[in-house]
Amino acid sequence: MPLLSCSAQNCVYNEDKYCSKGDILVQGDEAQTACETCCSSFKEAGEGSYKNSVGTPSAMVQIDCTACKCHYNENNRCMAGQVDISGQSACTCTQTECSTFEKQ
Numbered sequence: 031m032p033l034l035s036c037s038a039q040n041c042v043y044n045e046d047k048y049c050s051k052g053d054i055l056v057q058g059d060e061a062q063t064a065c066e067t068c069c070s071s072f073k074e075a076g077e078g079s080y081k082n083s084v085g086t087p088s089a090m091v092q093i094d095c096t097a098c099k100c101h102y103n104e105n106n107r108c109m110a111g112q113v114d115i116s117g118q119s120a121c122t123c124t125q126t127e128c129s130t131f132e133k134q
């Protein structure tokens, strides 16, 4: 599993750049660049959300990925050693991206 660092601080699963979901899905079926990808697992933390009720934060998570043109994609799984999801002020999943994306 890749080491994940996530700057999407508004995500309910983000706790100090670690993900408490356990697995995420990066989308970008036709992506040619990182900005054409997104973390579709992003869920905006809002009033009534409780971060510590969603799981234990971890640096290592399973990453499923539809960005088939990415160098690190093997059978819809990310095989990069480290993955960075960016989207510091994101309010929706489309405002996030996989900064690790590297076109084949």
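Position in the sequence shown (from 1) plus 30 gives the number in the numbering used here. Yeah, the Cβ is synthetic: ideal placement off N, Cα and C, and Gly gets one too.
(1) What's the C-alpha gap between Asp59 and Asn105?
(2) Per DSSP, which one or two residues make a beta bridge with Lys133?
(3) Considering Cα atoms alone, identify which of Phe131, Asp46, Ala89 and Cys69 is closest to Cys123.
(4) By the DSSP assignment, the beta strand (DSSP E) with Val56 in it spans what residues?
(5) Would you say Lys99 and Ala64 are within 8 Å of each other, going by their C-beta atoms?
(6) Using three-state DSSP, classify Gln112 as helix, strand or coil.
(7) For Ser35, report the span of its beta strand (DSSP E) as first-last.
(8) Which partner residues does Asp94 have in the DSSP bridge list?
(9) Considering only DSSP beta bridges, list what Glu127 is partnered with.
(10) Distance check for Gly76 and Val113, CA to CA, integer angstroms please.
(11) Please state if the CB of Ser116 and the CB of Thr86 are separated by a distance shorter than 8 Å.
Put simply:
(1) 13 Å
(2) Bridge partners of Lys133: Cys100.
(3) Cys69
(4) That run of the beta strand (DSSP E) goes Asp53 to Gln57.
(5) no
(6) The answer is strand: DSSP assigns Gln112 an E or B state.
(7) Per DSSP, Ser35 belongs to the beta strand (DSSP E) from Leu33 to Cys36.
(8) Leu55 and Arg107
(9) In the DSSP assignment, the residues bridged to Glu127 are Ser116.
(10) 25 Å
(11) no
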